[in-house]
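K.L.:
Shown below is the structure under consideration.
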Amino acid sequence: MLLNFSSLFKHTKQIGAISPDGRFIAISIDERLTIRNQETLKIVSIFETPYTSKPEISEIAWSPDSNLIFTANYKENRMHIWAVFGDKKKYNLGIVDEVQDIQAARWSPRGDSILTWSEFKLRLTIWNLVDGTQKYIQYPKYFKKGIAFHPKGSFMALLQRLEHKDQIGIYSTHSWTCVKMIPIDTIDSQGLEWSCDGNSICVWDTIGNVWLLNNVTWKPIATFSLKSNITAPRVEILKETPTGSKYLNNQGAFTSEPNITEFEQSLSPATVEKSFSADLSKPELKTGISNISFNADGSLKVVWSPVDSEVVSFVTGNSQLYMWKYPAGAYGFHSAADNLEFTQFQWNSNGSSVLLFDKNVFTVATIP
Numbered sequence: 011m012l013l014n015f016s017s018l019f020k021h022t023k024q025i026g027a028i029s030p031d032g033r034f035i036a037i038s039i040d041e042r043l044t045i046r047n048q049e050t051l052k053i054v055s056i057f058e059t060p061y062t063s064k065p066e067i068s069e070i071a072w073s074p075d076s077n078l079i080f081t082a083n084y085k086e087n088r089m090h091i092w093a094v095f096g097d098k099k100k101y102n103l104g105i106v107d108e109v110q111d112i113q114a115a116r117w118s119p120r121g122d123s124i125l126t127w128s129e130f131k132l133r134l135t136i137w138n139l140v141d142g143t144q145k146y147i148q149y150p151k152y153f154k155k156g157i158a159f160h161p162k163g164s165f166m167a168l169l170q171r172l173e174h175k176d177q178i179g180i181y182s183t184h185s186w187t188c189v190k191m192i193p194i195d196t197i198d199s200q201g202l203e204w205s206c207d208g209n210s211i212c213v214w215d216t217i218g219n220v221w222l223l224n225n226v227t228w229k230p231i232a233t234f235s236l237k238s239n240i241t242a243p244r245v246e247i248l249k250e251t252p253t254g255s256k257y258l259n260n261q262g263a264f265t266s267e268p269n270i271t272e273f274e275q276s277l278s279p280a281t282v283e284k285s286f287s288a289d290l291s292k293p294e295l296k297t298g299i300s301n302i303s304f305n306a307d308g309s310l311k312v313v314w315s316p317v318d319s320e321v322v323s324f325v326t327g328n329s330q331l332y333m334w335k336y337p338a339g340a341y342g343f344h345s346a347a348d349n350l351e352f353t354q355f356q357w358n359s360n361g362s363s364v365l366l367f368d369k370n371v372f373t374v375a376t377i378p
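Residue numbering for the sequence shown follows my numbering, starting at 11 and increasing by one per position.
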């Protein structure tokens with residue numbers, strides 16, 4: 011498999027996202043929100059936001075139906091919602107929390123509400139965009155992370171810190187009332203994820219343990235541990251081995267290969283070296299598990315292809331996008347520019363491309 015990398019385009023602070031329908035890419039450049047066609051990368055719209063504090067745009071996010079997009083400047087404690095094909099200089103709605111500053115935000119699954127986290131993690135506010143009302147949930151453990159929605163969007167699972175203990179609150183997304191509070195036996199839970207079939211919730215913590223909870227009894231049905239020493243029999247170990255061969259291009263001349271990194275395969279027992287993010291501008295968890303996600307059919311857990319349950323991809327701070335496919339194995343795909351450092355990426359929902367962010371530019375890798 012080969013990937014086609016697009017030209018490079020500027021961005022600010024790696025703030026960008028592919029629309030849920032896969033048709034557009036939204037990118038922040040200073041105070042401007044730029045919308046590009048995902049296939050041609052031509053500019054479709056440019057919105058001039060009213061922010062002045064740098065970074066002008068702290069965050070952007072698409073509504074689930076891809077018709078709206080919000081921009082936020084958390085230093086100024088305000089957000090705005092824009093119609094993608096509406097007035098380029100006039101927002102549809104503005105949000106300001108008059109009591110506590112907004113620190114993070116996201117859309118509800120149905121797109122009829124926006125969730126915001128207040129400073130000091132004192133509360134989560136649900137802003138109803140239809141009737142203008144607000145509802146509140148006390149003491150979320152984190153800003154933005156530690157939250158997951160049922161695949162049908164009917165329930166929200168939220169990590170909360172109550173009475174000095176980690177708990178999972180299950181809330182109806184229709185009434186935003188709590189339907190179940192689940193105590194969890196974790197030391198310091200870091201996140202949770204709902205499985206694609208909605209039958210279980212995965213929770214992980216800093217000591218390297220993963221708990222899989224059944225959605226009927228809310229009891230653990232499996233526990234996994236992440237350790238450097240792998241002692242379980244016949245676990246497949248992959249070690250990166252870069253290649254530097256030449257190939258014949260379509261002009262008939264030999265040129266340097268857009269190196270496809272290959273991997274040596276071995277079996278456990280083995281000791282695996284830990285690796286951390288190369289992006290020093292962002293805080294990084296130094297122990298335990300930092301992120302987990304289910305694959306497309308819910309049978310496996312990393313960032314998976316949204317359509318192929320046997321393809322997983324990841325970046326490590328160099329100029330490559332790595333992919334692993336069962337049973338073919340793992341490969342690394344080099345971009346045209348060797349000086350890039352990819353630290354963030356997003357799959358298109360149709361699985362046809364990947365949006366990759368370097369510190370200063372972004373590119374789109376298309377799967378032919």
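Note that beta-carbon positions come from the ideal geometry of N, C-alpha and C, so glycine has one too.
Kindly list the residues whose CB is nearer than 7 Å to the CB of G262, restricted to its own chain and excluding five residues on each side of it in sequence; keep chain order.
P.N.:
A caution first: G262 carries a pLDDT of 36, below 50, which makes its placement in the model too unreliable to give a value.
K.L.:
Could you give the DSSP three-state label for F130: helix, strand or coil?
P.N.:
Correct three-state label for F130: helix.
K.L.:
Taking K175 as part of the beta strand (DSSP E), name the residues at either end of that continuous run.
P.N.:
First-last of the beta strand (DSSP E) with K175: 175-182.
K.L.:
Is it right to say G201 is buried, meaning 16 or more other beta carbons lie within 10 angstroms of its own, or is it exposed?
P.N.:
Buried is the call here.
K.L.:
Would you mind sorting V364 into buried or exposed? The rule is 16 or more other CB atoms within 10 Å of its CB.
P.N.:
Under this definition V364 is a buried residue.
K.L.:
Would you give the residue range spanned by the beta strand (DSSP E) that G156 belongs to?
P.N.:
Element bounds for G156: n/a, residue is neither H nor E.
K.L.:
What residues are listed by DSSP as bridge partners for H90?
P.N.:
Paired residues: T81, G104.
K.L.:
Using 7 Å as the threshold, is the C-beta distance between S128 and Q110 below it?
P.N.:
It is a contact, given that the beta carbons lie within the stated cut-off.
K.L.:
Could you name the residues of the same chain whose beta carbon sits closer than 7 Å to that of Q170, not counting the 5 residues immediately before and after it, in chain order?
P.N.:
Closer than 7 Å at the Cβ level, and outside the excluded window around Q170, lie Y149, P150, K151, Q177, G179.
K.L.:
On the premise that I67 lies in contact with Y61, defined as a C-beta separation below 8 Å, what is that separation, rounded to the nearest angstrom?
P.N.:
Contact flag correct, Cβ pair sits at about 6 Å.
K.L.:
Check for me: the beta strand (DSSP E) holding R116 runs from which residue to which?
P.N.:
Segment 112-117, the beta strand (DSSP E) holding R116.
K.L.:
Would DSSP call T281 helix, strand or coil?
P.N.:
Note: T281 maps to strand in three-state DSSP.
K.L.:
Using CA atoms only, rank isn't needed, just tell me which of L277, T196, I136 is closest to N239.
P.N.:
Among L277, T196, I136, the Cα nearest to that of N239 is on L277.
K.L.:
What residues in its chain sit with their C-beta under 7 Å from that of I91, if we drop five residues either side in the sequence?
P.N.:
Around I91: L78, F80, Y101, N102, L103.
K.L.:
Grab the span of the beta strand (DSSP E) containing K64 for me, first residue to last.
P.N.:
Run containing K64: none; DSSP gives neither H nor E here.
K.L.:
In terms of alpha-carbon separation, which member of I217, S118, N328, C188 lies closest to S199?
P.N.:
Minimum Cα distance to S199 is reached at I217.
K.L.:
If V325 sits next to S16, beta carbons under 8 Å apart, how far is it from one beta carbon to the other, in whole angstroms?
P.N.:
Wrong, their Cβ atoms sit about 16 Å apart, outside the cutoff.
K.L.:
Using only the alpha-carbon positions, how far apart do L360 and I28 sit?
P.N.:
Looking at the sequence itself, residue 360 is Asn, so the reference to Leu does not match. Going from the Cα of N360 to the Cα of I28 covers about 11 Å.
K.L.:
Go through the region 183-238 residue by residue and report every complete run of the beta strand (DSSP E) that reaches 3 residues or more, in order.
P.N.:
188-193, 199-204, 210-215, 219-224, 230-235, all fully within the region 183-238.
K.L.:
My assumption, with CB atoms under 8 Å, is that V106 sits in contact with N83. Please give the rounded CB distance.
P.N.:
With 8 Å as the limit, V106 and N83 do not qualify as a contact, their Cβ atoms being about 11 Å apart.
K.L.:
Would you list the residues sitting across from P95 in a DSSP beta bridge?
P.N.:
Position check: residue 95 holds Phe in this sequence, whereas Pro was assumed. For F95, which the question treats as bridged, DSSP gives no partner whatsoever.
K.L.:
Do you know offhand how far R120's Cα is from Y181's?
P.N.:
The alpha-carbon atoms of R120 and Y181 are separated by roughly 14 Å.
K.L.:
What does a CB cutoff of less than 7 Å around T227 pick up in its chain, not counting 5 residues either side in sequence?
P.N.:
Closer than 7 Å at the Cβ level, and outside the excluded window around T227, lies no residue.
K.L.:
Less than 7 Å separating the beta-carbons of W204 and I136?
P.N.:
In this structure, I136 does not lie closer than 7 Å to W204 by Cβ.
K.L.:
Considering only residues of the same chain and omitting the five flanking positions on each side of M191, which have a CB-CB separation below 6 Å?
P.N.:
Excluding positions up to five away in sequence, the list reads Q177, G179.
K.L.:
In the structure shown, what three-state DSSP assignment does V140 receive?
P.N.:
Here V140 sits in coil by DSSP.
K.L.:
Based on DSSP bridge pairs, tell me the residues matched to I70.
P.N.:
In the DSSP output, where bridge partners are listed per residue, I70 has T81.
K.L.:
Would you identify the three-state DSSP class for P150, choosing helix, strand or coil?
P.N.:
DSSP places P150 in strand when its eight states are reduced to three.
K.L.:
For F324, report the span of its beta strand (DSSP E) as first-last.
P.N.:
It spans 321-324 - the beta strand (DSSP E) in which F324 sits, taken as one unbroken run.
K.L.:
Could you pull the DSSP bridge partners for S345 from this structure?
P.N.:
BP columns for S345 are empty, so no partner.
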